[in-house]
Every structure is written in structure tokens, then in C-alpha cells.
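Shown next, in C-alpha cells, is the structure this report addresses.
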Amino acid sequence: PDVRFGRAFINADDRSVRLGALGLIRKFGDATDLERLVAVASARSEAERDLAAHAALALASGIDEAPRRLVESNDPALVRIASEAVSADDVDAMVAMLTPLLAAENAQLRRAAVADLVEPLQVRAEPKRGARSSKSSSRPGAQVLILRRALSKWTGLS
4 PDVRFGRAFI NADDRSVRLG ALGLIRKFGD ATDLERLVAV ASARSEAERD
54 LAAHAALALA SGIDEAPRRL VESNDPALVR IASEAVSADD VDAMVAMLTP
104 LLAAENAQLR RAAVADLVEP LQVRAEPKRG ARSSKSSSRP GAQVLILRRA
154 LSKWTGLS
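Here the sequence shown stands for residues 4 to 161, numbered as in the working numbering.
Set out below in C-alpha cells:
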């Protein structure tokens, strides 16, 4: 029942009221609030953007729609939030979501896509503390698959 107040006041003039409304929607909303949350995330202050984007991802749990809609906003900060929500272990989802941004006119979006495709590779490539070096840690392995798939899809080469 409280979610109706959040929906009613999401566009209030007072920033603190909007933040409260976003909190209500995040706690009591559902997937039908996705469109509203993405719109707010694209048009508001950093705090509102982050809260709305994370609320959209939380409410659309298990649905690929929320990360895709955040990426389609063409806002580098929202792209980063969306890519953090998609597991790097889901190579196909990561590639499908970020590959279109490699051809974006906006240089910030292109850089964000490349960074988000490469970051999981860097994290996986770093040896764990105390771990002994081995041949397997120096091989490209499956982690490079993310970047290879993205680049081959973008360039059309196999």
C-alpha cells in the first residue's frame, strides 16, 4: 500500500521527498515500476540516479530488462551500475549488453563498455595472495572469452 505514495511523489519538487519516494518504491514496488525508475535514473541528481538504478535492478531481479534499459539510457554511470549487476560469469549476457556500446558515438560510452568488458579479466588474472605461480594462471583461459566474443561480434570477425 505504501508504494502508491512513492509513485505519487517520485517527481515532487523537494529532493528529500523524491529520495523518500524512491526508497518506498525500492522497498514495496514491483517490476511495473521499472520504466518509472529508469526515467528517474536518467534525469536526476547522482544520489537519485544511483538509488533509482539500484531499485530498478532489485525490483527486476532475474529479468534482463533492467540492466538493458539502464544501458540504453546512454548514461556512462548507469552503464557502470548495469554492468556491475550482470555477473561476469554470464559471458553471453555481458557481451550482449555491452557490445553495442563499442560502436557508440559517445566516447565515454565506448570507454565504459571496454572498461566493463576488460575489468573482469583483470580481476580474474590477478594472482591470489600467497598463491604460487603456475602455467594455468598465465594462460588466457576462459576469462578472455568475454573480450574476444565482444570484439568479434563488434567487428563481424570470427
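We put the CB at the ideal spot given by N, CA and C, even for glycine.
- The Cβ neighbour count for residue 114, taken over all protein chains shown within 10 Å, is under 16; the residue is labelled exposed.
- Annotated as distal: residue 112 and residue 72, with beta-carbon spacing of 8 angstroms or more.
- CA-CA distance, residue 32 to residue 24, rounds to 10 angstroms.
- DSSP places residue 38 in the uninterrupted alpha helix (DSSP H) bounded by 37-46.
- By alpha-carbon distance to residue 85, the top candidate from 102, 106, 57 and 9 is 57.
- For residue 106, there is no enclosing alpha helix (DSSP H), as DSSP marks it with neither H nor E.
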